[in-house]
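*Asks:* Below is a structure I'd like to ask you about.
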Amino acid sequence: LAKTTQPISMDSYEGQEVNITCSHNNIATNDYITWYQQFPSQGPRFIIQGYKTKVTNEVASLFIPADRKSSTLSLPRVSLSDTAVYYCLVGATGGSYIPTFGRGTSLIVHP
Amino acid sequence: SAVISQKPSRDICQRGTSLTIQCQVDSQVTMMFWYRQQPGQSLTLIATANQGSEATYESGFVIDKFPISRPNLTFSTLTVSNMSPEDSSIYLCSVGEGLVAGYTFGSGTRLTVV
């Protein structure tokens, strides 16, 4: 199972773009990169998933370089409601995959 | 994606007692997972609950302490037995099929043991 490393915490201000980078040096060929968001008193919520290059949805963008040893979650123009813990997970999306969570990045957005 | 209803949302229990947490899913799923999240910590997988077979427990978790039932493809329960204050945590159930859409989590049960 690929180990991930993320910053423990980040601070930002409303309206700024936030980029959270995750390192996964021993990612396997079949592994996907998935990001989850967790608000206080709630379970994690799937944000975005990708395999390579760039993926964008209505919530975020995910940038994955060619070597796939890292990935960057980009949140455009954050608001106070984006204050949460963000988890980067790596694993193959086969039937036996079970999400394993690291420490995550605690993002605090200030007014 | 699946919608999960988890009950109770919170409870305060006396040490030595047991609490059963229920997880109801709005669709049939093969695999259900139970996690624990201690205050300020990340999620730790307790066990995988498969319908028709015994649950598979992760290292550090045992069936006598955390018995799990999975009577059908939409429902599971986790019991926290003989509780102590160290069991105070948030317990979450999750479902997923290993697909690209990701996994869905319940809102959690916040357990306080006094």
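Here the protein sequences come in this chain order: A and B. Going by the working numbering, the first sequence opens with residue 195, and the numbers climb by one from there. Going by the working numbering, the second sequence opens with residue 1300, and the numbers climb by one from there. For glycine and all other residues, C-beta sits at the position ideal for the given N, C-alpha and C.
(1) So, does the CB of Gly244 of chain A fall closer than 7 Å to a CB anywhere in chain B?
(2) So, Gly1401 of chain B versus Phe240 of chain A, is the Cβ gap smaller than 7 Å?
(3) When you compare the CB of Phe295 of chain A with every CB in chain B, is at least one pair closer than 7 Å?
(4) Using the Cα positions of Thr198 of chain A and His218 of chain A, report the straight-line distance between them to the nearest angstrom.
(5) Provide the residue(s) that pair with Tyr291 of chain A in DSSP beta bridges, ordered along the chain.
(6) Got a sec, what are the start and stop residues for the beta strand (DSSP E) Arg1369 of chain B sits in?
(7) Give the residues from the region 1330-1360 of chain B that approach chain A closer than 7 Å (Cβ to any Cβ), ordered along the chain.
(8) Taking 7 Å as the CB-CB cut-off, is Tyr1402 of chain B touching chain A?
(9) From which residue to which residue does the beta strand (DSSP E) around Phe240 of chain A run?
(10) Which residues share a DSSP beta bridge with Gln1336 of chain B?
(11) Only counting the same chain, and skipping five residues up and downstream in sequence, which positions put a Cβ closer than 7 Å to that of Ala278 of chain A?
(12) So Gly285 of chain A is in the beta strand (DSSP E); what residue range does that whole segment cover?
(13) Measure the CB-CB distance between Gly1323 of chain B and Ser1300 of chain B and report whether it falls below 7 Å.
(14) Just verifying my parser: in three-state terms, what is the DSSP assignment at Ser273 of chain A?
(15) Checking 7 Å against the spacing of the C-beta atoms, do Gln1327 of chain B and Leu1391 of chain B come in under that value?
(16) Contact criterion: CB-CB distance below 7 Å. Does Gly298 of chain A meet it with respect to chain B?
(17) Within a Cβ cutoff of 6 Å, which residues of the same chain sit near Val212 of chain A, ignoring the five residues on either side of it in sequence?
(18) Pick out whichever of A:Thr266, A:Arg262, A:Ile221 has its Cα sitting closest to the Cα of Gln200 of chain A.
(19) With a threshold of 7 Å between beta carbons, is Ser1406 of chain B in contact with chain A?
(20) Identify the continuous beta strand (DSSP E) that holds His304 of chain A and give its terminal residues.
(21) Going along chain A, which residues have a C-beta under 7 Å from Leu1391 of chain B?
*Replies:* In brief:
(1) The residue labelled residue 244 of chain A in the question sits at position 50 within the first sequence. Cβ-Cβ to chain B under 7 Å: no for Gly244 of chain A.
(2) Position 102 of the second sequence, counted from the first residue, corresponds to residue 1401 of chain B. Position 46 of the first sequence, counted from the first residue, corresponds to residue 240 of chain A. Closer than 7 Å, so yes.
(3) As a working note, residue 295 of chain A is residue 101 in the first sequence. It does; some Cβ of chain B falls within 7 Å.
(4) Walking along the first sequence from the start, residue 198 of chain A turns up at place 4. Walking along the first sequence from the start, residue 218 of chain A turns up at place 24. C-alpha separation (whole angstroms): 5 Å.
(5) Against the first sequence, residue 291 of chain A aligns to sequence position 97. Beta-bridge pairing links Tyr291 of chain A to no other residue.
(6) Against the second sequence, residue 1369 of chain B aligns to sequence position 70. Per DSSP, Arg1369 of chain B belongs to the beta strand (DSSP E) from 1367-1371.
(7) Only those residues of the region 1330-1360 of chain B whose C-beta falls short of 7 Å from the nearest C-beta of chain A are listed: Phe1332, Ser1341, Leu1342, Leu1344, Thr1347.
(8) On the second sequence, position 103 is the one that residue 1402 of chain B refers to. Yes, its Cβ sits closer than 7 Å to a Cβ of chain A.
(9) In the first sequence, the residue the question calls residue 240 of chain A occupies position 46. Bounds of the beta strand (DSSP E) holding Phe240 of chain A are 239-244.
(10) On the second sequence, residue 1336 of chain B is found 37 positions in, with the first residue counted as 1. Gln1336 of chain B is bridged to B:Leu1342, B:Ile1389.
(11) Position 84 of the first sequence, counting from 1, holds the residue named residue 278 of chain A. Non-local beta-carbon contacts of Ala278 of chain A in its own chain, meaning distances under 7 Å to residues more than five positions away in sequence, involve Gln231, Gln232, Phe233, Leu301 in chain order.
(12) Walking along the first sequence from the start, residue 285 of chain A turns up at place 91. Note, Gly285 of chain A: beta strand (DSSP E), 278-286.
(13) Stepping through the second sequence from its first residue, residue 1323 of chain B is reached at position 24. Stepping through the second sequence from its first residue, residue 1300 of chain B is reached at position 1. For clarity, residue 1323 of chain B is Gln in the given sequence; the question names Gly instead. Their beta carbons are not under 7 Å apart, which means Gln1323 of chain B does not touch Ser1300 of chain B by this criterion.
(14) Translated into the one-based positions of the first sequence, residue 273 of chain A becomes position 79. Of the three classes helix, strand and coil, the one that applies to Ser273 of chain A here is coil, per DSSP.
(15) Position 28 of the second sequence, counted from the first residue, corresponds to residue 1327 of chain B. Position 92 of the second sequence, counted from the first residue, corresponds to residue 1391 of chain B. No, they are not a contact pair.
(16) The residue labelled residue 298 of chain A in the question sits at position 104 within the first sequence. Among the CB atoms of chain B, one or more fall inside 7 Å of the CB of Gly298 of chain A.
(17) For this step, residue 212 of chain A is matched to residue 18 along the first sequence. Here the set comprises Ser206, Leu269, Val272.
(18) The sequence position of residue 200 of chain A within the first sequence is 6, counting from 1. Out of A:Thr266, A:Arg262, A:Ile221, A:Thr266 has the C-alpha closest to the C-alpha of Gln200 of chain A.
(19) Working through the second sequence from its first residue, we reach residue 1406 of chain B at position 107. Yes, contact with chain A.
(20) Taking the first sequence and counting its residues from 1, one reaches residue 304 of chain A at position 110. Start and end: 299-304.
(21) Taking the second sequence and counting its residues from 1, the one referred to as residue 1391 of chain B is at position 92. Ordered by position in chain A, the residues that pass the 7 Å Cβ test against Leu1391 of chain B are Gly237.
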